[in-house]
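Residue numbers (the numbering used here), protein chains in the order written: chain P, 1 to 76; chain G, 77 to 845.
C-beta atoms are modelled at their ideal positions from N, C-alpha and C, and glycine is treated no differently.
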Amino acid sequence: MHTLNDLLKAGQRGLILDVTGDDGVSVRLMEMGLTEGADIELIGFAPLGDPVEFRIRGYRLSLRKAEASRVTIDLL
Amino acid sequence: MPAAPPAVSTRSLTVAVIGNPNTGKSTIFTALTGMHSLIGNYPGVTVEKKIGNFRHQQQDVRLVDLPGTYSLSPRSLDEMVSVEVLLGRQAEVGRIDAVVCIADASNLERNLYLVSQVLDLGLPTVLVLNMWDVAQSRGITIDVEKLSQTLGIPVVPCEAHRHRQIDAVKDAVLSVAGKNGVESPRVFPAAFYDEGKQLGSQLRDWGEPDVPFYVTERLLLDVGGQIESTFAARFSTRLTEVLAAARERLKASGFRVPAAEAKARYAWSRQVLTGIMVVPQQQQVTASDHLDRWLTHKVWGLTVFVLIMFVVFQSISTLAAPVMQLCEMGQQIAGDWVSSLMSPGPFRSLLVDGVIAGVGGILVFLPQICFLFFFIALLEDCGYMARAAFLMDKLMTKVGLSGKSFVPLMSSFACAIPGIMATRTIENRRDRMVTILVAPLMSCSARFPVYTLMIAAFFPDIAWAGGWITLRGVLIFVMTFFGAFVAIPVAWLLKKTMFRGETPPFVMELPSYKWPSAHIVLLRVYESARAFVIRAGTLIFATSILIWAASYFPGDHTELNRLQEQVDEAKVSLNTEISEKAELEKQKSTLSQKGSAPELTEIDQKLAAIESKLEPLETLITTKNAMSEHLLETSYLGRFGKTIEPAVKPLGWDWRIGVGVLASFPAREVIVSTLGTIYSLGGDVDEADSGLQNALRESKWPDNRPVYSIPVAISIMVFFALCAQCVSTLMVIRRETNSWGWPLFTFTYMTVLAYIGAFLAYRLFAFLL
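Okay, structure coming up:
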């Protein structure tokens, strides 16, 4: 099973399967459009390696690795 | 049949404006209402209440701006405000006649998430597609007509920053306001709506007849949400059980709460946009993408970041300084002017030392506030602020905060007041509160006079490395970062105790870059300056008057007034001599550098002649200063200082320092002039004054031991580094948190911290030296 943290290079893409957990953080992630079937692309990392910038549903989103690890994906 | 003319209501319509962050919502709000909006707080929360007005087609409309949000599923009291306003349950706003939902046309798929929730409220709704030009430049086409039909509401494309289509928005608002509400798009399966109905009737049985559809929806969807907590307080476990059973049944039918909501709403959003919005297949690389690659780059991104922050910091510390001096000069001139018009007395003292000093004490912060908010508004409006947080996040998580705390904390090194005001950019309440509470620990510019005075008076001028490093310089450096260093465990402790809970997520949109709008930037500056003067200024002013009264009464000032009059008269009659003396002293200092001895002796002779003429004036001033000292010593403030001497003695202080600390409650730097008065040098000394430095060195305890020593100087500096002796900061905390509890807490914890710190520093250095 892959998570968003398995995207390593800019331009790598994945298809979202699920967000694990039912707490506020997961709900927030889903509200931002990280739901099943959405296409997500890695844009880059912050200078210290964290957080990470993604493109999803046509906009740019930044997540910490701790949050990105909750999002399971299929690599594309 | 001809269309009915829009119903003109005699009463003012109330319209709420809602939208995602970064959609240009505030630009639209300003374009609709103009400059004049009413800003306040909703009771009990930190959410800003902003209300503006416009008149269109003879109809008055009151526009309520709600905070930018990605969803309407409240998880805190702050987030609850928007829902309460929209449901017409917020008493100060009243019934809502229509909602204007602002969406980013270039990012419609995600924006429709919030739209679908707003539609569930069943209010008359208008959808505004802002940033229409951006969408077009990206090759995105949207069939507005068809979208309007599908949603059943007016849809208006708009370019608010160019003031295009603003009248069309107003027309659309009037066409729906006060009419029938919209139908819910019913994005969930039928089983969900059945559960909603059941829950509604259950609540009716429990004596809650009018629970809106949206509330029952939220009760089912938000596990542990704010609405559930509010209701649970009334129905205890009964409701929790009912909700758990309902969610269990929904799960069995394939609708898993809470994940199902986002899935259903995004599926609806996709479905609505099919055939309406066409996005070019090839993701084109925009100029914004190029810029972003540079600005988040490991080397260049950080370089640009450091440069930008340097400019921001310089502008609030160095650039603002001349303007602040102008404020101080204005205060001086106004004080002198009043003094020249009135004879000395309590009323003149109230005006000069209370009123004018109080107003000056407020205005002096304005340059920094204006400069900082100019940059914050600029960086926010062009989209860089989110990148700054992105770059700094990792560093800030190490101290338990998030990237968004960086700019407010950095600004607090110049002054905590604009810094605390800047925490508005932090949306997470816990991060924001911790940032507000530690911001006053950053070493602001008002501490420098205290450090300078103590260091210059008690530390030798030693230099190392060929004059590049000086002991005094090192000490200033250490003191500057001492507070920030202490802030780290404080922030950690606050996070572990008062603000416990899950780490707030750093789920942040990185908006596209755009040209900032001068209008929006200037408006932000104006609004923050106005908010400070009106909402915090009045309280700062009141405290200044109070401290003035405590240091003026109950002493009899007739003798002092008589002396002051004599000094004033003598100064007028000896005017030529005074200016001559100043001129000679100037010549002397330039000459002594060149070192031509014969000319110097000539000047010294002239000086001696003038000084003998000025001697009566000097004697008068000395008597007057001694009188001032006596009056301060016997004032309420002085008596209080003496009473608390046992409390400050463990820090190595005498009552004089105690009084100085008390008097500096309105602002830290006041201690310098208070010490000036206490040591009979008059209140108009500054920290570089050698007379004051000498007076400190010569000050003695009754048993002839010197009061001041290096441990005492360090103890005073540590105290001032950590204490909350700044009314303005406390009043701004009150305004920003909308409560008296937080400034009280800040004052208490910082004073305790300062006391313990000063005590330990005194003991440690007394032991070492």
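What span of residues does the beta strand (DSSP E) with Asn504 (chain G) cover, start to end?
No beta strand (DSSP E) contains Asn504 (chain G), which DSSP labels as neither H nor E.
Just to make sure I have the definition right: I need the residues of chain P whose C-beta is within less than 7 Å of the C-beta of Ala308 (chain G). Which are they?
Here the premise fails: no neighbours, minimum Cβ distance about 17 Å.
Interface residues of the segment 181-202 of chain G facing chain P [CB-CB below 7 Å]
Asn183, Glu185, Arg186 and Tyr189
Please list the partners that Arg57 (chain P) has in chain G, where partner means a Cβ-to-Cβ separation under 7 Å.
Glu185 and Arg186
Rounded separation between Ala79 (chain G) and Val232 (chain G) - CA only
Because Ala79 (chain G) carries a pLDDT of 45, less than 50, the predicted location of this residue cannot be relied on, and the following value inherits that uncertainty. C-alpha separation (whole angstroms): 20 Å.
Note down, in chain order, all residues in the segment 10-32 of chain P with a beta-carbon under 8 Å from any beta-carbon belonging to chain G.
Asp18, Val19, Asp22, Asp23, Gly24, Val25, Ser26, Val27, Arg28, Leu29, Met30, Glu31 and Met32
Is the CB of Thr35 (chain P) under 8 Å away from at least one CB in chain G?
For Thr35 (chain P), the answer is yes, since a Cβ of chain G falls inside 8 Å of its Cβ.
Distance cutoff 8 Å, beta carbons only. Does Asp50 (chain P) sit that close to anything in chain G?
yes
In three-state terms, what does DSSP make of Cys177 (chain G)?
strand
Would you decide whether Met555 (chain G) is buried or exposed? Buried here means 16 or more other CB atoms lie within 10 Å of its CB.
buried
Starting from Met355 (chain G), find everything on chain P with Cβ-Cβ shorter than 8 Å and list it in chain order.
Checking the sequence, you will find Val at residue 355 (chain G) rather than Met. Residues of chain P passing the Cβ test: Gly58.
Which residue's Cα is closest to the Cα of Ala800 (chain G): G:Val783, G:Ile754 and G:Phe741?
Checked all of G:Val783, G:Ile754 and G:Phe741; the closest Cα to Ala800 (chain G) is G:Phe741.
Since Thr372 (chain G) meets chain P, which of its residues come closer than 8 Å, beta carbon to beta carbon?
Gly44, Ala46, Pro47 and Glu53
Segment limits, alpha helix (DSSP H) that includes Asp765 (chain G):
Taken as a continuous stretch (DSSP letters only), Asp765 (chain G) belongs to no alpha helix (DSSP H), as it is neither H nor E.
Name the chain P residues that come within less than 9 Å of Glu585 (chain G), Cβ to Cβ?
Listed by position along chain P, the residues whose Cβ is nearer than 9 Å to that of Glu585 (chain G) are Met32, Tyr59, Arg60, Leu61 and Ser62.
State the Cα-Cα distance for the pair Ile438 (chain G) and Val431 (chain G), rounded to the nearest angstrom.
11 Å
CA-CA distance, Gly631 (chain G) and Pro422 (chain G)?
11 Å
Reference Gly24 (chain P), options G:Ser649, G:Ile104, G:Gln302 and G:Ser213, closest by Cα:
Measuring from the Cα of Gly24 (chain P), the nearest candidate turns out to be G:Gln302.
Cα-Cα separation between Glu284 (chain G) and Tyr269 (chain G), rounded to whole angstroms:
19 Å
Pairs of beta-carbons, one from the segment 807-822 of chain G and one from the segment 770-777 of chain G, closer than 8 Å: are there three or more?
no
What residue from G:Ala363, G:Ala834, G:Leu139 and G:Leu598 has the CA that sits closest to Glu456 (chain G)'s CA?
Here the closest residue by C-alpha is G:Leu598.
Going along the chain, which unbroken runs of the alpha helix (DSSP H) with 4 or more residues stay wholly within the segment 431-513 of chain G?
433-439, 442-458, 460-473, 482-488 and 492-497
In whole angstroms, what is the alpha-carbon distance linking Arg238 (chain G) and Ile596 (chain G)?
12 Å
Contact set between Ser147 (chain G) and chain P, taken where Cβ atoms lie within less than 7 Å:
Glu31
Spatial distance of Tyr146 (chain G) from Ser88 (chain G) (CA atoms):
29 Å
Let me see if you follow: with CB-CB separation under 8 Å, is Thr827 (chain G) close to chain P or not?
no
Does the CB of Asp849 (chain G) have a neighbour CB from chain P at under 8 Å?
Because chain G here runs from 77 to 845, residue 849 (chain G) falls outside it and cannot be looked at.
On the CB-based measure, 16 or more other CB atoms within 10 Å of its CB, does Phe447 (chain G) come out buried or exposed?
buried
Quick one: Cα of Thr699 (chain G) to Cα of Lys682 (chain G), how far?
Taking the straight line from one Cα to the other gives about 26 Å.
6 Å Cβ shell around Leu829 (chain G) - same chain, five flanking residues per side excluded:
Leu798
Comparing the C-beta of Val299 (chain G) with each C-beta of chain P, is any distance below 8 Å?
yes
Report, in whole angstroms, the separation of the C-beta atoms of Asn187 (chain G) and Asp180 (chain G), which I expect to be a contact under 8 Å.
5 Å
Decide if Trp344 (chain G) is buried, meaning its Cβ has at least 16 other Cβ atoms within 10 Å, or exposed.
buried
Could you spell out the range, first to last residue, of the beta strand (DSSP E) harbouring Asp273 (chain G)?
Before going on, a small fix: residue 273 (chain G) reads as Lys here, not Asp. Element bounds for Lys273 (chain G): not the beta strand (DSSP E) but the alpha helix (DSSP H), Ala266 to Asp281.
Please report the distance separating the alpha-carbon of Thr813 (chain G) from that of Met353 (chain G).
42 Å
Contact under 8 Å by Cβ, Leu315 (chain G) with Ala308 (chain G):
Ala308 (chain G) sits close to Leu315 (chain G), with the two beta carbons spaced by under 8 Å.
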